[in-house]
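Residue numbers (full-length UniProt numbering): 1 to 370.
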Ligand SMILES: Cc1ncc(COP(=O)(O)O)c(C=O)c1O
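Written out as structure tokens, the structure reads:
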């Protein structure tokens with residue numbers, strides 16, 4: 001059994017993916033070829049954002065979003081400690097300080113109620129993460145940000161395809177950043193990402209930053225990076241975008257089956273009313289997570305932990321003296337979460353097998369620890 005079965009997807013899409021890659025090899029425009037612009041247009045249309053800028057990774061997307069907002073040394077960016085490292089990493093890379101705010105334990109996303117207390121005169125942005133695919137609660141976050149004149153950057157690396165009150169993830173705030181890492185709901189065959197905004201001047205800045213700060217060839221008006229999306233990756237994404245809605249429906253169907261079978265033995269994920277999730281991860285909570293994970297592994301069921309150590313407890317952020325107990329809900333989640341196999345080609349029989357094994361394993365682990 002695979003945690004994410006990319007080969008099953010490739011088998012289904014092989015002829016389209018192969019022919020789109022062949023087209024790139026034939027026209028030879030490997031850097032910012034026509035597929036990149038075509039993909040950007042389609043993604044912008046899908047999200048409703050005025051601009052989409054394809055980029056080299058989700059990490060670069062976050063970096064360029066903050067560079068465009070001129071976030072730098074001494075500035076503060078409010079974010080969640082319960083996320084993939086890149087979120088805090090890019091804030092710190094720019095010399096700014098990640099200011100962590102604990103999560104809502106049901107959704108694992110930043111708790112809007114706690115944000116206002118973290119705002120200082122140095123706060124330059126709020127960066128909520130839409131974890132596992134469910135969007136953060138953007139209405140109150142945008143309202144607080146507007147009151148303080150602060151932009152909001154959605155880390156939508158896991159939530160592309162998700163919706164919040166009928167609006168698409170990526171287009172819920174000043175800037176949205178997503179990732180096309182192979183295991184993401186919309187993934188390419190290498191690294192890739194995209195930035196969304198409806199702000200013309202930010203879009204222009206990010207387009208230039210993506211290409212070494214050039215406003216035209218060999219004319220550099222700012223310090224940028226090489227943050228471009230490869231044409232071949234764009235071509236692969238175009239093929240996958242054609243079936244993305246079908247795949248989203250399959251992910252949601254798999255999640256619904258899991259939910260039905262797992263309600264009892266474990267804490268199944270909660271996607272709130274008014275939200276839809278692409279289920280980048282289907283993540284449950286269990287007591288004695290490590291023992292459960294090992295027992296599942298022995299039974300041939302692959303799982304993963306997203307993420308065991310919250311950012312404030314990472315060695316590199318230790319100098320901030322935030323220490324254990326600083327963000328107890330994130331710490332508790334880090335000890336309890338477990339992601340189960342999730343992809344659009346997961347069979348109902350496999351879900352039943354996973355759920356039955358999990359039920360048995362949880363009962364065994366509970367008996368042993370009692
Ligand atoms: C929440 C979050 N932020 C940022 C990233 C970084 O994306 P990438 O791996 O494309 O650089 C990821 C991807 O793993 C992520 O899950």
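Virtual Cβ for every residue (Gly too), placed ideally from N, Cα, C.
| Asked | Found |
| --- | --- |
| Relative to the C-alpha of residue 266, which residue among 15, 293 and 161 is closest? | 293 |
| From what residue to what residue does the beta strand (DSSP E) around residue 215 run? | 214 to 216 |
| Along the alpha helix (DSSP H) that carries residue 127, what are the first and last residues, could you check? | Segment 123 to 127 is the beta strand (DSSP E) holding residue 127; no alpha helix (DSSP H) there. |
| Should residue 62 and residue 155 be called a contact, given that it needs their Cβ atoms to be closer than 8 Å? | yes |
| For residue 153, report the span of its beta strand (DSSP E) as first-last. | 153 to 155 |
| Closer than 6 Å is what we want: which residues have a beta carbon that near any heavy atom of ligand 1? List them in chain order. | 57, 58, 59, 83, 84, 86, 87, 129, 155, 157, 158, 179, 181, 191 and 193 |
| Can you tell which of 346, 16, 41 and 313 has its C-alpha closest to the C-alpha of residue 243? | 16 |
| Who are the near neighbours of residue 71 in its chain, counting only those whose CB is closer than 8 Å to its CB and skipping five residues on each side? | 77, 91, 94, 96, 124 and 125 |
| Distance check for residue 268 and residue 259, CA to CA, integer angstroms please. | 6 Å |
| Is residue 272 helix, strand or coil by DSSP? | coil |
| Could you tell me which residues DSSP pairs with residue 230 in its beta bridges? | 31 |
| Which residue or residues does DSSP assign as beta-bridge partners of residue 77? | 98 and 125 |
| Identify whether residue 353 lies in helix, strand or coil by the three-state DSSP scheme. | helix |
| First and last residue of the alpha helix (DSSP H) that includes residue 258? | 244 to 262 |
| Grouping DSSP H, G and I as helix and E and B as strand, with all else coil, what is residue 277? | coil |
| Out of 196, 2 and 282, which has the shortest C-alpha to C-alpha gap to residue 271? | 282 |
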